[in-house]
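Participant: So that we are looking at the same thing, I have put the structure below in structure tokens.
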Amino acid sequence: MARSFLPRTSTRLPGRGKALVKVTLVDENGFTYEYADLEVPMGVARDAVAQLHLQSDAVASAAAAPAEKAPADSRRSRRRTA
0 MARSFLPRTS
10 TRLPGRGKAL
20 VKVTLVDENG
30 FTYEYADLEV
40 PMGVARDAVA
50 QLHLQSDAVA
60 SAAAAPAEKA
70 PADSRRSRRR
80 TA
């Protein structure tokens, strides 16, 4: 049985506290831009992913959906006085 897999193109690993990132962009006209692997600090990679996530269509469509209200808790704690 043959396995389907993507061949490894690089054996390079990032250094400690770094992320190895590959960026591929497709513009409105269908042109693809591929950038060389970038080794960036982990914090920069996390911030970039967070920014991309905030700009994504999935987040925009989720924000447009009506939010469900949580049921109110009818029980209230009362403080007893002696």
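Residue numbers for the sequence shown, in numbering that gives the first Met the number 0: 0 to 81. Ideal Cβ placement from N, Cα and C applies to all residues, glycine included.
Can you give me the start and stop residues for the alpha helix (DSSP H) that V43 sits inside?
Facilitator: In the DSSP assignment, V43 falls within the alpha helix (DSSP H) that extends over 41-54.
Participant: Can you give me the start and stop residues for the beta strand (DSSP E) that E27 sits inside?
Facilitator: Taken as a continuous stretch (DSSP letters only), E27 belongs to no beta strand (DSSP E), as it is neither H nor E.
Participant: CA-CA distance, Y32 and V20?
Facilitator: 14 Å
Participant: Near V86, which residues of its chain fall below 6 Å by C-beta distance, leaving aside the five closest residues on each side in sequence?
Facilitator: No statement about residue 86 is possible, as the shown extent of the chain runs from 0 to 81 and does not include it.
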